[in-house]
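Working notes, structure below.
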Amino acid sequence: MKIAHLSDLHVLGEAPEPWTAYTNKRFTGWVNLALRRHATHKHEVVQALCREIARQRPDHVVITGDFSNLAFSGELVRARELLERELEMSPADVSVVPGNHDLYTRGSARTQRFAGIFSGYMTSDLPDLATAHASGPFPFVRLRGDVAIIGLSSATPRPPMIASGSIGRPQRDALARVLGRGELRGRLPMVLMHHPPHNPASKVRAATNGLYDAPAMRAVLRQAERAVVLHGHLHQRMAGELGAGLRSIGATSASLLHDDDDRRAGFNVYETSGGALVREHAVVLDVATGRFHERAIPSLPAVSG
Ligand SMILES: [Fe+2]
Ligand SMILES: [Fe+2]
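Anchor point for the sequence shown: position 55 equals 56 in the working numbering, and the numbering is continuous, going up by one each time.
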């Protein structure tokens, strides 16, 4: 299987939203956006990346959250339309999970907005194992060739300036059941979640930006003989071993213009054979030429515990 991994599109809506739509949290987010994000996240870059993915013809595409900025319907629908138009792939061949920006407000969680807009991209071959979550039924499982794609939601509404997430006990228990199912035998579990399963060393940073139950998640994932976690959120590509056959790989933001080659927009490509990951690399945008080049995914220091 050849799988392309995109993340953190951060698509802006086409039309401005009415001022009444801006809650306190949205207002803080909008100021943040106006100050810096608009200058570096470009819609045209996401389009170019999707066209390059379409040209490379992967078997499957996975997208690990933060499609929007403020969880407006206009942003989420525009992101979905972009995928429909540029990837030219069936929703059965594209899997998505939400990021913290896609559940930005309590209203977006209450109405299950993300699940409503992306339902075709989150169908499950093992629907009996899903639990109810604010962003839809998770985990979903898609059995494709020698890979089992398992989608989880780490997104929950948080106060302004807080970007942390959690998987929670119901999803962790359901994940353990998925990993034990006979359908997964001989397949590589590829787990999609927006937040990485390893937190920053700084306790403050971990509390404001990390995954609350990262150690508990690693313990569940290590029950599999081997597994790969695919994440976004950090806007930086990185890969590392988390012990007991568990590998973690992050994709950068698909819209980010940045001087650093390890952060600038691109996507990751994974190749599997016989239920094992046999190759991984990044495809990175060259701003000067508008072309793409291959690059190794930089290594994280080993994470234990
Ligand atoms: Fe993001
Ligand atoms: Fe994020």
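Note that the Cβ used here is the ideal one computed from N, Cα and C, for glycine as well.
Worksheet entry | Inter-residue spacing [alpha-carbon to alpha-carbon] between Leu13 and Ala225 | Rounded to the nearest whole angstrom, the C-alpha separation of Leu13 and Ala225 is 38 Å.
Worksheet item: So which residues put a beta carbon under 7 Å from any heavy atom of ligand 1, going in chain order?
Response: Any heavy atom of ligand 1 within less than 7 Å of a residue's beta carbon puts that residue on the list, which reads Asp9, His11, Asp67, Gly100, His102, Gly233, His234, His236 and Ser254.
Item to complete: Measure the alpha-carbon distance for Gly108 versus Ala228 and round it to whole angstroms.
Response: Looking at the two C-alpha atoms, the distance is approximately 34 Å.
Worksheet item: Would the region 252-261 and the region 204-221 be scored as touching if the rule is three or more Cβ pairs under 8 Å?
Response: No, because fewer than three Cβ pairs between the region 252-261 and the region 204-221 fall closer than 8 Å, the two stretches do not touch.
Item to complete: Assess, as a yes-or-no matter, whether the region 286-299 is touched by the region 67-86 under the definition of 3 or more beta carbon pairs within less than 8 Å.
Response: Contact between the region 67-86 and the region 286-299 is absent: fewer than three C-beta pairs spanning the two stretches fall below 8 Å.
Discussion item. DSSP has Gly267 in a bridge; who is on the other side?
Written reply: DSSP output for Gly267 lists Val285 as bridge partner(s).
Discussion item. Can you determine whether any heavy atom of ligand 2 sits closer than 7 Å to the C-beta of Ala228, and answer yes or no?
Written reply: Checking the Cβ of Ala228 against ligand 2 gives no.
Discussion item. Taking the alpha carbon of Glu87 as the reference point, which residue from Leu286, Gln57, Asp103 and Glu295 has its own alpha carbon closest?
Written reply: Of the listed residues, the one whose Cα sits closest to Glu87 is Gln57.
Worksheet item: When the Cα of Arg223 is compared with those of Gly251, Arg173, Gly187 and Glu272, which residue comes out closest?
Response: Here the closest residue by C-alpha is Arg173.
Practice prompt. Sort Glu281, Arg264, Ala217 and Ala49 by Cα distance to Arg248 and report the nearest one.
Written response: Nearest Cα to Arg248 within the set Glu281, Arg264, Ala217 and Ala49: Glu281.
Item to complete: Please report how far the alpha carbon of His39 lies from the alpha carbon of Val279, in whole angstroms.
Response: Legend: pLDDT at His39 = 49, less than 50; position of this residue unreliable, value from coordinates given subsequently. For the pair His39 and Val279, the Cα-to-Cα distance works out to about 37 Å.
Fill in: Residue span of the alpha helix (DSSP H) that contains Ile54, given as start and end
Its alpha helix (DSSP H) spans residues His44 to Gln57.
Practice prompt. Specify the secondary structure class of Leu127 as computed by DSSP and reduced to three states.
Written response: In the structure shown, Leu127 sits in coil (DSSP, three-state: anything other than H, G, I, E or B).
Fill in: Alpha-carbon spacing of Asn269 relative to Ile250, whole angstroms
Rounded to the nearest angstrom, the two C-alpha atoms are 9 Å apart.
Worksheet item: Taking Cβ positions, are Ala156 and Gly166 nearer each other than 8 Å?
Response: It is a contact, given that the beta carbons lie within the stated cut-off.
Fill in: Presumed contact (8 Å Cβ cut-off) between Phe141 and Ser120, rounded CB distance
That belief does not hold up - the Cβ atoms of Phe141 and Ser120 are roughly 10 Å apart, past 8 Å.
Worksheet item: Could you give the residue range of the alpha helix (DSSP H) that holds Leu77?
Response: Note, Leu77: alpha helix (DSSP H), Ser74 to Leu88.
Worksheet item: Quick one: is Ala289 buried, meaning 16 or more other Cβ sit within 10 Å of its Cβ, or exposed?
Response: By the neighbour-count rule (16 or more Cβ atoms within 10 Å), Ala289 is not buried but exposed.
Worksheet entry | Phe68: first and last residue of the uninterrupted beta strand (DSSP E) it sits in | Segment: none, Phe68 is in no beta strand (DSSP E) and carries neither H nor E.
Worksheet entry | Helix, strand or coil at Leu235 according to DSSP, with G and I counted as helix | Leu235 falls in the coil class under three-state DSSP.
Worksheet item: So what does DSSP say about Thr273, is it helix, strand or coil?
Response: If DSSP states are grouped into helix, strand and coil, Thr273 belongs with the strands.
Worksheet item: What are the boundary residues of the beta strand (DSSP E) that includes Val98?
Response: That run of the beta strand (DSSP E) goes Val95 to Val98.
Discussion item. So, under 8 Å CB-CB, Ile150 and Leu193 are touching, yes? Tell me the CB distance rounded to an integer number of Å.
Written reply: Their Cβ separation, rounded to whole angstroms, is 7 Å, which keeps Ile150 and Leu193 in contact under 8 Å.
Practice prompt. Please name the residue, chosen from Pro99, Asn101 and Leu144, that lies closest to Pro128 on a Cα-to-Cα basis.
Written response: When only C-alpha atoms are compared, the closest one is Leu144.
Discussion item. Rounded to the nearest angstrom, what separates Pro201 and Phe115 at their Cα positions?
Written reply: Pro201 and Phe115: Cα-Cα distance of roughly 28 Å.
Worksheet item: Given a threshold of 16 other Cβ atoms within 10 Å of its Cβ, counted over all protein chains shown, does Ile64 qualify as buried or as exposed?
Response: Result: buried.
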